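Enquirer:
Number of protein chains: 2
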Amino acid sequence: VTGVWIDGVPGRSIEVEDRALQYGDGLFETIAVEAGRPRYLARHLARLRDGARRLAIPLPPEALLREEIEGAAAAAGVVKLILSRGSGPRGYRPPEATPRRIVWALPAVSYPGDWREAGVVLRLCSLRLAVQPALAGLKHLNRLEQVLARAEWPGPIPQEGLLLDSEGHLVGGTQSNVFLRLDGELATPRIERAGVKGVLRGALLDAFAHAGLACHERDLSLAELGRCDAILLTNALIGVWPVREFAGRRLDSAPLAALARECLARAPALD
Amino acid sequence: VTGVWIDGVPGRSIEVEDRALQYGDGLFETIAVEAGRPRYLARHLARLRDGARRLAIPLPPEALLREEIEGAAAAAGVVKLILSRGSGPRGYRPPEATPRRIVWALPAVSYPGDWREAGVVLRLCSLRLAVQPALAGLKHLNRLEQVLARAEWPGPIPQEGLLLDSEGHLVGGTQSNVFLRLDGELATPRIERAGVKGVLRGALLDAFAHAGLACHERDLSLAELGRCDAILLTNALIGVWPVREFAGRRLDSAPLAALARECLARAPALD
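Order-wise, the sequence lines are chains H and V. Mind the numbering: the first sequence is residues 1 to 271 in my numbering, read in order. Mind the numbering: the second sequence is residues 1001 to 1271 in my numbering, read in order.
As structure tokens, then:
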């Protein structure tokens, strides 16, 4: 960690009355940095704004958030932001609190190059995600399901675990979204009942559309996953990873990953 | 607040790498204090032990937890304990961390006497709780559903909001468990899919059994709630509250509340 700023001031700790600590009452963003600049910042801020609205957390001025994130990015490989509802008395009722911003400048994460090129191994998690439309899509701080899912296997490989919701619909990985190709068509799960609407998921949907490729946001079942011929994993830090093996089955996803990266590179920037 | 101890040392803040802050990765207990002694401490510790086992958080020695809670209780009206998985690097995978204990000595909460005697008003929340057997029963730190539910109405009255799960089963209040009397029989929701297994819920189930009164843990629907003739709310701090009005309907729950308190007083103590 090269630095932490709490409400703009360098710091290392927060008071124990903070509701992020008490109840997971807040949101976060994990932002890739390229050449000292935060990537997809407009998309990260848009998701944060949507989350703040749905949780009724007053959003700090966007110019201030931009300034703090860009400042941290200048000397970081990754910037993480937590927006907590702030401190309050005991009890679930949201107080009239001042939200608290915690901004980290973190080192870059480096993954082996062949994960990106040749692909990764994907397993199926036994945990099923709960269906909660009130929270679906948000990158909120209630992450015990992801902690339990990631605890299902030790070590770095398989690189990711896939999660279904309790109704059997495909949601995504513990820390990534998933795209697949089935009968020549591209699809990614709707994120209306569980899961996080990843920033790279949004960027890739727009990039496919810009390239004239249809990619359907729809319900997807485990059976359909078993029939698909390519799977991609996406998140803001990893970018696009092809899946070379899922549940013991070999897949040739690398060409689709290369195409996805090409579409992303050609799409107009939002930032 | 009269005091906070972090791993046994007086403190006011925790480091920002703590996983309770990052992911809600931990558990808590809110313990009533009577004459300087924690009430139902054995039951609180049993629930904490169960939660630590299910989340694979190493439990600190129980004698140490007892000592710290009893120490805080000596000068408090309420003791709150958070057990966090501890600090770790970014990422959902649980690290080999040292769990962190945060113990608060808080002032007693006083409620108007007629809430306890004449009863309280209960409303029905529009939020539905997600079904997640992996977390049901635990007092974990992922509490955004309760925050959203409690935000549905302002002010102290109605005193509580009732929650169904997404399958339509009755779960309990935002911060309480619920008992009802229907066709002369006592019942309380099973807590296997959503909700918290309250300490007073457990104590009251045991107390009814000790008194020879059957109380069934079972699935309960909103229709059954509409037909019942008495509703009780329980938690460790409020004890037993009769509901005098639910969704516009008057109820005479006070005699059942008095009976419940009588059974609790006569039941053998666990502590």
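Glycine included, every Cβ here is placed at the ideal spot set by N, Cα and C. Here the structure is a predicted model, which means the values were calculated and not measured.
Can you list, in chain order, the residues of its chain with a C-beta nearer than 6 Å to that of H:Glu-17? Leave out the 5 residues immediately preceding and following it.
Expert: The answer, listed in chain order, is Ser-87.
Enquirer: Return the CA-CA distance between H:Gly-162 and H:Arg-128, expressed in angstroms with no decimal places.
Expert: Per the sequence presented here, residue 162 of chain H reads as Leu, with Gly not at that position. Approximately 10 Å between the Cα atoms of the pair.
Enquirer: Using 8 Å as the limit for Cβ to Cβ distance, is V:Thr-1174 near chain H?
Expert: So yes, V:Thr-1174 belongs to the interface.
Enquirer: Taking 8 Å as the cut-off, does the region 143 to 162 of chain H touch the region 34 to 43 of chain H (at least 3 CB pairs, one atom from each stretch)?
Expert: Verdict: no, contact absent.
Enquirer: Can you give me, in chain order, the residues of the region 1105 to 1139 of chain V that have a beta carbon less than 7 Å from any beta carbon in chain H?
Expert: Of all residues in the region 1105 to 1139 of chain V, Leu-1106, Leu-1127, Ala-1130, Val-1131, Gln-1132, Ala-1134 and Leu-1135 have a Cβ within less than 7 Å of some Cβ in chain H.
Enquirer: So V:Ser-1087 contacts chain H; which residues on that side make the cut at Cβ distance below 7 Å?
Expert: Here the premise fails: no neighbours, minimum Cβ distance about 11 Å.
Enquirer: Under 8 Å, do H:Arg-261 and H:Cys-228 count as touching if we go by C-beta distance?
Expert: Their beta carbons are not under 8 Å apart, which means H:Arg-261 does not touch H:Cys-228 by this criterion.
Enquirer: Which two residues bound the contiguous beta strand (DSSP E) that contains H:Gly-195?
Expert: Counting along the chain, H:Gly-195 falls outside any beta strand (DSSP E), and DSSP gives it neither H nor E.
Enquirer: So that I know if they touch, is there some Cβ in chain H lying closer than 8 Å to that of V:Tyr-1023?
Expert: So, interface residue.
Enquirer: Are the C-beta of H:Pro-94 and some C-beta of chain V separated by less than 8 Å?
Expert: H:Pro-94 counts as touching chain V.
Enquirer: Quick check on the DSSP output: what are the complete beta strand (DSSP E) runs of length 3 or more inside the region 1176 to 1238 of chain V, in order along the chain?
Expert: 1177 to 1182, 1185 to 1189, 1215 to 1218 and 1230 to 1235, all fully within the region 1176 to 1238 of chain V.
Enquirer: May I ask you to list the residues that DSSP assigns as paired with H:Leu-55?
Expert: Note: H:Leu-55 sits in no beta bridge, so no partner.
Enquirer: Between H:Gln-159 and chain V, is the shortest Cβ-Cβ distance under 8 Å, so that the two count as touching?
Expert: Answer no: the Cβ-Cβ gap between H:Gln-159 and chain V never drops below 8 Å.
Enquirer: Using a Cβ-Cβ cutoff of less than 6 Å, which residues in the same chain neighbour V:Ala-1207 once the five nearest sequence positions on both sides are dropped?
Expert: Once the five neighbours on either side are set aside, the close Cβ partners of V:Ala-1207 are Cys-1263, Leu-1264 and Ala-1267.
Enquirer: Going residue by residue through the region 1 to 59 of chain H, where are the continuous beta strand (DSSP E) segments of at least 3 residues, counting only ones entirely within it?
Expert: DSSP runs (the beta strand (DSSP E)) wholly in the region 1 to 59 of chain H: 3 to 6, 13 to 15 and 26 to 34.
Enquirer: Might you give, ordered along the chain, the residues of its own chain that have their beta carbon closer than 7 Å to the beta carbon of V:Tyr-1111, omitting 5 neighbours on each side?
Expert: Excluding residues within five positions, the ones whose Cβ falls inside 7 Å are Ile-1238.
Enquirer: Any C-beta of chain V sitting closer than 8 Å to the C-beta of H:Arg-150?
Expert: It does: the Cβ of H:Arg-150 has a partner Cβ on chain V nearer than 8 Å.
Enquirer: Once you ignore the five residues that flank H:Asn-142 on each side, which residues in its own chain have a CB closer than 8 Å to its CB?
Expert: Closer than 8 Å at the Cβ level, and outside the excluded window around H:Asn-142, lie Gly-24 and Leu-135.
Enquirer: Compare the C-beta of H:Lys-197 against all C-beta atoms of chain V and say whether one is closer than 8 Å.
Expert: For H:Lys-197, the answer is no, since every Cβ of chain V falls outside 8 Å of its Cβ.
Enquirer: Using a Cβ cut-off of 7 Å, which residues of the region 1232 to 1243 of chain V contact any Cβ in chain H, in chain order?
Expert: So nothing in the stretch comes that close.
Enquirer: Specify the secondary structure class of H:Glu-167 as computed by DSSP and reduced to three states.
Expert: H:Glu-167 falls in the coil class under three-state DSSP.
Enquirer: Please name the residue in V:Ala-1254, V:Gln-1022, V:Leu-1081 and V:Gly-1071 whose C-alpha comes closest to that of V:Arg-1049.
Expert: The shortest C-alpha separation from V:Arg-1049 is found at V:Leu-1081.
Enquirer: Taking C-beta pairs closer than 8 Å, name the residues in chain V that H:Ala-56 reaches, listed in chain order.
Expert: Correct list: Ala-1151.
Enquirer: Starting from V:Val-1147, trace the alpha helix (DSSP H) both ways and give me its first and last residue.
Expert: Here the alpha helix (DSSP H) through V:Val-1147 covers 1144 to 1150.
Enquirer: For H:Ala-257, I'd like the list of residues in its chain whose CB is within less than 6 Å of its CB, leaving aside the five on either flank, ordered along the chain.
Expert: Leu-232, Val-240 and Pro-242, listed in sequence order.
Enquirer: Look up V:Ile-1069 in the DSSP assignment and give the residues it is bridged to.
Expert: Paired residue(s): none; V:Ile-1069 is not in a bridge.
Enquirer: Tell me whether H:Arg-266 sits in a helix, a strand or coil according to DSSP, three-state version.
Expert: Of the three classes helix, strand and coil, the one that applies to H:Arg-266 here is helix, per DSSP.
Enquirer: Kindly list, in the order they appear in chain H, the residues whose Cβ is closer than 9 Å to that of V:Arg-1090.
Expert: Within chain H, the residues near V:Arg-1090 are Thr-30, Val-78, Lys-80, Trp-104, Leu-106 and Val-109.
Enquirer: For V:Ala-1260, does the three-state DSSP call read helix, strand or coil?
Expert: Residue state, collapsed to three classes: helix.
Enquirer: Strictly below 9 Å CB to CB, what residues from chain V border H:Asn-177?
Expert: Within chain V, no residue comes near H:Asn-177; the closest Cβ sits about 15 Å away, beyond 9 Å.
Enquirer: My output table needs one value for V:Glu-1062: the three-state DSSP class, helix, strand or coil.
Expert: Of the three classes helix, strand and coil, the one that applies to V:Glu-1062 here is helix, per DSSP.
Enquirer: Rank V:Thr-1030, V:Ala-1194, V:Glu-1068 and V:Gly-1173 by C-alpha distance to the C-alpha of V:Val-1121 and give the top, closest one.
Expert: Out of V:Thr-1030, V:Ala-1194, V:Glu-1068 and V:Gly-1173, V:Gly-1173 has the C-alpha closest to the C-alpha of V:Val-1121.
Enquirer: Short of 7 Å in beta carbon distance, which residues of its chain neighbour H:Lys-139, apart from the five on each side in sequence? Order them along the chain.
Expert: Result list for H:Lys-139: Leu-27, Phe-28, Glu-29, Arg-47, Gly-51 and Val-196, in chain order.
Enquirer: Assuming contact is defined by CB atoms lying nearer than 8 Å, are H:Val-171 and H:Ala-194 in contact in what I supplied?
Expert: Taking 8 Å as the Cβ cut-off, H:Val-171 and H:Ala-194 qualify as a contacting pair.
Enquirer: Pull up the CB-CB distance for H:Leu-164 and H:Leu-251, whole angstroms please, since I reckon it's below 8 Å.
Expert: Not a contact, Cβ separation roughly 18 Å.
Enquirer: Quick one: grab the DSSP three-state call for H:Pro-272.
Expert: Summary: the structure shown does not reach residue 272 of chain H, with chain H confined to residues 1 through 271, and so no result is reported for it.
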